[in-house]
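Just so we're aligned: the sequence shown equals residues 1144 to 1330 in the working numbering.
To start, the structure under review is shown below, and the notes come after it.
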Amino acid sequence: MSENGVVQVDQIESIIFLIRGQKVMLSPHLAELYDIEPRVLVQAVKRNIDRFPGDFMFQLSDDEFVNLKSQIVTSSWGGPRRAKPYAFTEQGVAMLSSVLRSKRAVQVNIEIMRAFVRLRQLLASHTELASKLLEMEKKYDEQFKIVFEAIRQLMIPPAKPRKKIGVVVKEKKAAYGKKVGKGKEKR
1144 MSENGVVQVD QIESIIFLIR GQKVMLSPHL AELYDIEPRV LVQAVKRNID
1194 RFPGDFMFQL SDDEFVNLKS QIVTSSWGGP RRAKPYAFTE QGVAMLSSVL
1244 RSKRAVQVNI EIMRAFVRLR QLLASHTELA SKLLEMEKKY DEQFKIVFEA
1294 IRQLMIPPAK PRKKIGVVVK EKKAAYGKKV GKGKEKR
């Protein structure tokens, strides 16, 4: 929770996905943040559909939905879904605040906007750093080539550790050949 008691920016950033080349949030995740049922969110949007053009919101295709479900191994959406979720761009999320008028919706939207701004700033600073590095590399000779390559390696975000798949069974060690009592071996 953030200082306003709603939700943390880090939590929001973890549910922003890149779909069709756009950063989006999905209707089930938004409904969870707003503390409403997904069907209530979708109903509110459909009642105000003229506020949500294609660049604000779109419904996932079958392929996108299957691909996304395979990436989000533990689905918080519960069992099989009948309808594919809607994806809301930053502008679509901002428009949701005019459709959902609760105090919580306003506070959540403020945090979501902060998350999108933070992601944009991170991307801009990374791009700016890369261009400055390229300029410096052009100025200096071969002896600094190793230094520049090391800096480039440091700029690459660390790979997220993958969760192990499968079951680990811990069994007691076998007692073969151990003595049990007076000179008798356990079999």
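Cβ coordinates follow ideal geometry from the N, Cα and C atoms, glycine included.
Mind reading off the beta-carbon distance from residue i to residue j? Whole number of angstroms is fine, and I expect it under 8 Å.
i       : j       : result
Gln1234 : Asp1198 : 7 Å
Asn1252 : Ser1240 : 4 Å
Ser1170 : Leu1161 : Not confirmed; about 17 Å, so no contact.
Leu1176 : Phe1231 : The pair is not a contact, with the Cβ atoms about 11 Å apart (cut-off 8 Å).
Ile1126 : Leu1262 : In the structure displayed, the chain extends from 1144 to 1330; residue 1126 sits before or after that span and is not available.
Gln1202 : Lys1166 : The Cβ separation is near 17 Å, so there is no contact.
Ile1155 : Glu1254 : 6 Å
Leu1276 : Ile1294 : 6 Å
Met1168 : Val1236 : 6 Å
What did DSSP end up calling residue i once you bin it into helix, strand or coil?
i       : result
Val1249 : helix
Phe1231 : strand
Ile1255 : helix
Lys1189 : helix
Phe1208 : helix
Leu1173 : helix
Lys1313 : coil
Using the Cβ count rule (16 or more neighbours within 10 Å means buried), how would you classify residue i?
i       : result
Ile1308 : exposed
Pro1181 : buried
Ala1273 : exposed
Val1209 : exposed
Go through its chain and collect everything with a Cβ distance to residue i's Cβ below 7 Å, but skip five positions before and after it.
i       : result
Met1238 : Arg1194, Phe1195, Phe1199
Phe1163 : Note on residue identity: the sequence assigns Arg, not Phe, to residue 1163. Result list for Arg1163: empty, nothing under 7 Å.
Glu1207 : Ile1162
Can you list, in chain order, the residues of its chain with a C-beta nearer than 8 Å to that of residue i? Leave out the 5 residues immediately preceding and following it.
i       : result
Phe1248 : Strictly speaking, residue 1248 in this sequence is Ala, with Phe absent from that position. Same-chain partners within the cutoff: Tyr1177, Leu1239, Ser1240.
Thr1217 : At Thr1217, the pLDDT of 46 sits below 50, so the modelled position is not reliable and the matter cannot be decided from this model.
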